[in-house]
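Here is the structure we will look at, set down as structure tokens.
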Amino acid sequence: MPPASLPPLPLSTAAGYQARHLLVLPGDVLVDEVETLAVSRFAGARWDVVPAGVEPATVAPRTAAPGEPGVLRTSRHTTLTGPFAPGPGLPPGSAMVFDVVTPRERGEAAFPGSGDRDGLGRAFPAGLPEKEERRAVDWLVEAARRLGGSIAVDVPSSGAPGIVLTPDPGVAVDMTLYSDVWLEPDAAQAVLGQVDGRIRLAMDGVDWQGPPAGIADKPLYRGEQMDPAVRKQIHAAADDVDIAALTSGEPLDGYGLLLDLGVDGMIAVEIGDEPDLPFLLRGLPWAAGGAVSYRVRWEPDDLAASQDEFPPMEYTVARKRSAGIVAALAKALHGAVGGEIADEAGFLVEPDDL
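Residue numbers (the numbering used here): 95 to 448.
So this is what it looks like as structure tokens:
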């Protein structure tokens, strides 16, 4: 729960070259959770000033004095200050607010008719954030979605905030499991088949038929003067390399499975090596050399609806049904190989919460 008594949100904390946004959270969120999500995304995230009653994940310079807010730094130029008490114009149920200051960096406006799943085109009609500000805004949207909160953008120095976005938690469907255990294809199908017997391996390919006939007799480019005999030797050597690669019996380093959901679309499970791990996993001994990733993705039939801020009811019903299956598949894989599960934003998820 947030502290019982919070200082009021200040009228202005940003200079002219900076943008000011708010992260607005409900009463069941802990301040520590905000820090965890920041550390999950930003390598240099740390408290400059720790709010009273919070145990920081890393060493901080000092603890806030009574009535003083904390300062969480996500980069050299971006800070979250708070928590503050919510002011007017914020959604019902708002319990604490973080005042976010970042460089104002704007680009082109959203292209008309392009997807705007999170409403950023509506929130920034004159030009979308880019660079540092875009990284901050994207994280704010994903943190608000994860914590059941909202964000207010371009908050003026005085008065109520203008545009408030409340990201739909149901949008985040896909999950990834990271583990140091490799499941062979048949074993993965057996594990996932306990969740849904319709899942099938997707490993069928097309036999290579060799290079096109006569390719060794054709010049590489218009005007090429290579000796025909030399050209044939080069192509023959390339063929030998291809044949050796196709017959070497190299170990499998990736494969997939598919689950056809009919009108709800399809779920794809992709298994392979993963060198690029979420920040929170990179220091773990079992992940020091990379890991195996098990990506569980929903592919809806209506891709256009998937990028709508307010999609049709048919789509949201299909998404909810599919999300339950995605979560069950991820949990089944975790039961077989252990590791850690992350959501679409790279935030870790407890298997018991699925």
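Beta carbons are placed, not taken as given, at the ideal position from N, Cα and C, and that holds for glycine.
Per-residue burial, residue 205 [other beta carbons within 10 Å of its own, 16 or more giving buried]: exposed
Among 385, 123, 447 and 198, the one whose alpha carbon lies nearest that of residue 192: 123
Nonlocal neighbours in the same chain, by C-beta distance under 7 angstroms from residue 221, ignoring five residues either side: 200, 201, 202 and 203
Paired residues, beta bridge with residue 366 - DSSP: 348 and 387
Beta-bridge partners of residue 353, as assigned by DSSP: 361
Whether residue 175 touches residue 107 by CB criterion (8 angstroms): Taking 8 angstroms as the cut-off, the beta carbon of residue 175 is found closer than this to the beta carbon of residue 107.
C-beta atoms of residue 400 and residue 358 nearer than 8 angstroms: no
Beta-carbon contacts of residue 380 that lie in its chain and below 7 angstroms, excluding the five residues immediately before and after: 274
Sufficient close CB pairs (3 or more, under 8 angstroms) joining the segment 235-250 to the segment 406-414: no
Among 331, 99, 330 and 443, nearest to residue 374 - alpha-carbon criterion: 443
Local conformation of residue 294 per DSSP, three classes: The DSSP-derived three-state label of residue 294 is strand.
Spatially closest choice to residue 289 from 419, 117, 263 and 100, by CA coordinates: 419
Cβ pair residue 414, residue 448 closer than 8 angstroms: It is not a contact, given that the beta carbons lie outside the stated cut-off.
Reference residue 279; option with closest CA among 295, 372 and 258: Measuring from the Cα of residue 279, the nearest candidate turns out to be 295.
Simplified DSSP assignment, three categories, for residue 379: helix
Burial state of residue 113 (16 or more Cβ within 10 Å): buried
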